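A.B. asks:
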């Protein structure tokens with residue numbers, strides 16, 4: 004090992020699991036973006052994938068019987084802008100409310116009731132954000148996100164509590180907690196449903212999924228015995244495996260690429 008080569012950080016058990024799933028017939032490599040392929044940043048627009056992750060992910064997308072996908076809470080337009088995904092990569096945005104499976108994919112359409120409700124939700128959150136320094140709103144096709152990353156802890160807690168007090172339990176409004184965000188949507192969706200949708204759409208016989216946030220647990224919960232789930236960072240998880248940070252996701256993707264190439268070369 005040269006001085007420039009960092010030591011392996013993946014556990015022997017995770018390496019063995021990667022080697023096993025690399026031999027599956029149809030492999031789906033699905034990744035969360037923020038906090039997984041990209042480090043978390045204060046401004047969402049500044050997020051970019053780590054170069055090693057982007058390179059390995061792009062090479063995986065070129066392999067036969069291998070599909071790559073990004074499953075994100077971001078709107079599709081935002082995900083494309085920051086992730087610059089390979090052309091063949093499937094995209095799931097807005098926690099599953101938006102999907103792009105290639106040319107001709109239908110855009111998300113809200114009905115009149117949903118559009119009116121979304122406008123009301125935004126008005127509520129705008130009023131709260133104006134009184135909570137450091138909070139900002141992000142508009143999505145089916146929802147509005149209250150970001151509190153730049154707010155003081157007590158301000159963030161009060162803003163989220165105020166939003167929940169008004170919106171929780173309101174018919175047609177769905178709330179999700181994330182890392183310093185409160186997600187609102189007028190469309191019911193989850194990353195778990197997105198994983199099942201992609202499994203059926205791709206015919207995957209094995210899925211690798213990695214994510215760092217609370218909402219990623221929905222996807223991890225839908226993985227089966229022949230799949231591989233990886234939690235990024237600390238905190239509760241149902242995943243069998245864990246890595247510390249996005250830099251270790253890069254190592255994971257490079258390992259998946261190496262083992263998948265080896266398996267395919269033996270076909």
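Residue numbers (our numbering): 4 to 270. Beta carbons: idealized from backbone N, C-alpha and C, even for Gly. A quick note: this is a predicted structure, and the numbers were derived from the prediction, not measured.
Compare the C-alpha of residue 196 against each of 99, 240, 86 and 258 and name the closest.
C.D. replies: 99
A.B. asks: Going residue by residue through the stretch 158-227, where are the continuous alpha helix (DSSP H) segments of at least 4 residues, counting only ones entirely within it?
C.D. replies: As far as the stretch 158-227 is concerned, its whole alpha helix (DSSP H) runs of at least 4 residues are 194-205 and 219-224.
A.B. asks: Under the three-state reduction of DSSP, which class applies to residue 36: helix, strand or coil?
C.D. replies: The answer is coil: DSSP assigns residue 36 none of H, G, I, E or B.
A.B. asks: Closest to residue 41 by CA distance: which of 62, 258 and 77 is it?
C.D. replies: For the set 62, 258 and 77, the Cα lying nearest the Cα of residue 41 is the one of 77.
A.B. asks: Are the stretch 205-212 and the stretch 21-31 touching by the rule of at least three beta carbon pairs closer than 8 angstroms?
C.D. replies: Cβ pair count under 8 angstroms is three or more, so yes.
A.B. asks: Would you report the Cα separation of residue 169 and residue 121, rounded to the nearest angstrom?
C.D. replies: Cα to Cα, the separation comes out at about 14 angstroms.
A.B. asks: How about residue 246 and residue 235: do their beta carbons lie closer than 7 angstroms?
C.D. replies: Taking a C-beta distance under 7 angstroms as the contact criterion, residue 246 and residue 235 qualify as a contact pair.
A.B. asks: Let's see if you can read the secondary structure: which residues bound the alpha helix (DSSP H) around residue 256?
C.D. replies: 249-268
A.B. asks: Rounded to a whole number of angstroms, what is the C-alpha to C-alpha distance between residue 8 and residue 57?
C.D. replies: In this prediction, residue 8 scores a pLDDT of 49, lower than 50, which makes its location untrustworthy; the coordinate-derived value is nonetheless stated afterwards. Cα-Cα distance, rounded: 19 angstroms.
A.B. asks: Span of the alpha helix (DSSP H) holding residue 79?
C.D. replies: 79-86
A.B. asks: Which residues does DSSP pair with residue 141 in a beta bridge?
C.D. replies: 148
A.B. asks: With a cut-off of 8 angstroms on the beta carbons, I'd call residue 69 and residue 252 a contact; round off their distance for me.
C.D. replies: About 17 angstroms separates the two Cβ atoms, so there is no contact after all.
A.B. asks: Find out if the Cβ-Cβ distance for the pair residue 94, residue 73 is shorter than 7 angstroms.
C.D. replies: With respect to the 7 angstroms criterion, residue 94 and residue 73 are classified as neighbours on the basis of their beta carbons.
A.B. asks: From residue 181 to residue 133, what distance separates their C-alpha atoms?
C.D. replies: 21 angstroms
A.B. asks: I need the straight-line Cα distance from residue 142 to residue 189, nearest angstrom please.
C.D. replies: When rounded, the distance between both Cα atoms is 12 angstroms.
A.B. asks: Does DSSP classify residue 61 as helix, strand or coil?
C.D. replies: helix
A.B. asks: Are there 16 or more other CB atoms within 10 angstroms of the CB of residue 239, so buried, or fewer, so exposed?
C.D. replies: exposed
A.B. asks: Closest to residue 187 by C-alpha separation, out of 146, 164, 137 and 156, would be which residue?
C.D. replies: 146
A.B. asks: Cα separation between residue 224 and residue 241?
C.D. replies: 7 angstroms
A.B. asks: Is it true that the CB of residue 101 sits closer than 7 angstroms to the CB of residue 111?
C.D. replies: Closer than 7 angstroms, so yes.
A.B. asks: Just to check my reading of the structure: residue 194 and residue 222 have Cβ atoms closer than 8 angstroms, yes? What is that Cβ distance to the nearest angstrom?
C.D. replies: 4 angstroms
A.B. asks: What do you get for residue 166, buried or exposed, if any count of 16 or more other CB atoms within 10 angstroms of its CB means buried?
C.D. replies: Taking every protein chain shown into account, the CB of residue 166 has 16 or more other CB atoms within 10 angstroms, so this residue is buried.
A.B. asks: Determine the direct distance from the alpha carbon of residue 267 to that of residue 118, and round the result to whole angstroms.
C.D. replies: Computed Cα separation, rounded: 48 angstroms.
A.B. asks: Residues in its own chain within less than 8 angstroms of residue 116 by CB, not counting five upstream and five downstream?
C.D. replies: 175.
A.B. asks: Do residue 249 and residue 13 have their C-beta atoms closer together than 7 angstroms?
C.D. replies: No, the Cβ-Cβ distance between residue 249 and residue 13 is not below 7 angstroms.
A.B. asks: If you draw a straight line from the C-alpha of residue 55 to the C-alpha of residue 258, how long is it?
C.D. replies: In a straight line, the C-alpha of residue 55 is about 11 angstroms away from that of residue 258.
A.B. asks: In terms of alpha-carbon separation, which member of 63, 163 and 207 lies closest to residue 183?
C.D. replies: 163
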